[in-house]
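Engineer: Following this message is one structure expressed as structure tokens.
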Amino acid sequence: MKCPKIAVSVLSADFSKLGEEIEALNKKGADMLHLDIMDGHYVPNLSFGMPIVQAVSKLSSLPLDAHLMVTNPEDYVDSFAKLGVQYFSFHQETVFHSHRLVQRIKQLGMKAGIALNPATPLCSMDEILSELDFVLIMSVNPGYSGQSFISSSLDKVRRLKEMISFRNLDTLIEVDGGVTASNAGDLVGAGADILVSASYVFSHVDYEDAIKQLKSQ
Ligand code: DX5
Ligand code: ZN
Numbered sequence: 062m063k064c065p066k067i068a069v070s071v072l073s074a075d076f077s078k079l080g081e082e083i084e085a086l087n088k089k090g091a092d093m094l095h096l097d098i099m100d101g102h103y104v105p106n107l108s109f110g111m112p113i114v115q116a117v118s119k120l121s122s123l124p125l126d127a128h129l130m131v132t133n134p135e136d137y138v139d140s141f142a143k144l145g146v147q148y149f150s151f152h153q154e155t156v157f158h159s160h161r162l163v164q165r166i167k168q169l170g171m172k173a174g175i176a177l178n179p180a181t182p183l184c185s186m187d188e189i190l191s192e193l194d195f196v197l198i199m200s201v202n203p204g205y206s207g208q209s210f211i212s213s214s215l216d217k218v219r220r221l222k223e224m225i226s227f228r229n230l231d232t233l234i235e236v237d238g239g240v241t242a243s244n245a246g247d248l249v250g251a252g253a254d255i256l257v258s259a260s261y262v263f264s265h266v267d268y269e270d271a272i273k274q275l276k277s278q
């Protein structure tokens with residue numbers, strides 16, 4: 062089976078030693094660093110903003126994958142690009158003109174992705190799929206790490222993969238929420254290219270081993 066890329070979410074890192082955590086992830090087999098940006102409006106939680114993103118971008122040797130869970134993602138696209146973020150995703154419900162935002166993200170040299178909540182249907186981004194570099198399938202309701210995987214997400218990934226293959230696109234599928242070694246294999250089999258993990262990786266003393274487990278399913 063193909064080997065997924067692992068995007069480790071710093072949301073579950075120990076922020077009192079963020080520098081050490083990022084240094085460790087640089088060397089432990091993570092492929093990307095996932096930045097969960099939450100505004101307390103779109104999701105019922107606050108995470109972190111520009112000062113932390115800036116600090117992480119200085120320390121990380123890995124591509125940065127920003128996941129915007131905010132009501133106004135268009136306000137941050139330029140500053141994230143300046144900080145060297147390479148993947149930028151926003152939630153379909155937060156933007157009136159998603160086509161315009163996708164073009165702006167790509168114009169700034171970043172990969173553009175749309176995130177779909179568990180209750181948001183695939184057909185909501187049907188018209189824009191061919192413009193996207195990736196689709197982020199939320200397999201938990203956004204807002205917190207450490208939640209359980211919603212099992213219907215697996216079929217959603219499978220159906221999205223069919224849409225992508227049918228149209229001969231090379232859009233990547235990223236899956237975010239409740240990913241563990243027990244569901245990683247099924248997700249990759251269904252078509253996932255990138256698996257996000259916060260709590261699974263950070264609950265292990267040995268991050269490298271946890272990342273290996275996610276990759277080797
Ligand atoms: C949830 C975030 C996820 C979260 C994943 O809103 O988008 O990226 O950090 O956490 P785990 O892997 O613990 O489900
Ligand atoms: Zn996320």
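Plus 61 on top of the position in the sequence shown (first one is 1) and you've got this note's numbering.
Here a beta-carbon is modelled for each residue, glycine too, at the ideal position from N, C-alpha and C.
Here the structure is a predicted model, which means the values were calculated and not measured.
Are there 16 or more other CB atoms within 10 angstroms of the CB of G239, so buried, or fewer, so exposed?
Structural biologist: It counts as buried.
Engineer: Relative to the alpha-carbon of V201, which residue among L193, F195, E192 and S213 has its alpha-carbon at the smallest distance?
Structural biologist: Here the closest residue by C-alpha is S213.
Engineer: Could you tell me if N178 is buried or exposed, where buried requires 16 or more neighbouring beta carbons within 10 angstroms of its beta carbon?
Structural biologist: By the 10 Å Cβ count, N178 comes out buried.
Engineer: Which whole runs of the alpha helix (DSSP H) in the region 168-227 are 4 residues long or more, in chain order?
Structural biologist: Counting whole runs of 4 or more residues, the region 168-227 contains the alpha helix (DSSP H) stretches 214-227.
Engineer: Considering only the alpha carbon of each residue, which of C184, Y205 and V163 lies closest to V218?
Structural biologist: Comparing Cα-Cα distances from V218 to each of C184, Y205 and V163, the minimum goes to C184.
Engineer: To which residues of the same chain is I98 closer than 8 Å at the C-beta, ignoring the five residues directly before and after it?
Structural biologist: Contacts found: S108, F109, G110, V114, A127, H128, L129, M130, V131 and Y137.
Engineer: So does M93 have its beta carbon nearer than 8 Å to some heavy atom of the ligand DX5?
Structural biologist: No; taking the cut-off as 8 Å, the Cβ of M93 has no heavy atom of the ligand DX5 nearer than that.
Engineer: State the beta-bridge partners of L86 as determined by DSSP.
Structural biologist: According to DSSP, which records beta bridges pairwise, L86 is partnered with nothing at all.
Engineer: Quick check on the DSSP output: the beta strand (DSSP E) that includes E235 runs from which residue to which?
Structural biologist: Here the beta strand (DSSP E) through E235 covers L233 to D237.
Engineer: Using beta-carbon positions only, say whether A245 and L275 come within less than 9 Å of one another.
Structural biologist: A contact, by the Cβ cut-off of 9 Å.
Engineer: Beta carbon of A116: closer than 8 Å to some heavy atom of the ligand DX5?
Structural biologist: Checking every heavy atom of the ligand DX5 against the Cβ of A116, none is found closer than 8 Å.
Engineer: Which residue wins for smallest C-alpha separation from S243, given the options F195, E235 and S258?
Structural biologist: Looking at the Cα atoms, S258 is the closest of the given residues.
Engineer: So is V249 buried or exposed if we call it buried at 16+ other beta carbons inside 10 Å?
Structural biologist: V249 should be labelled buried.
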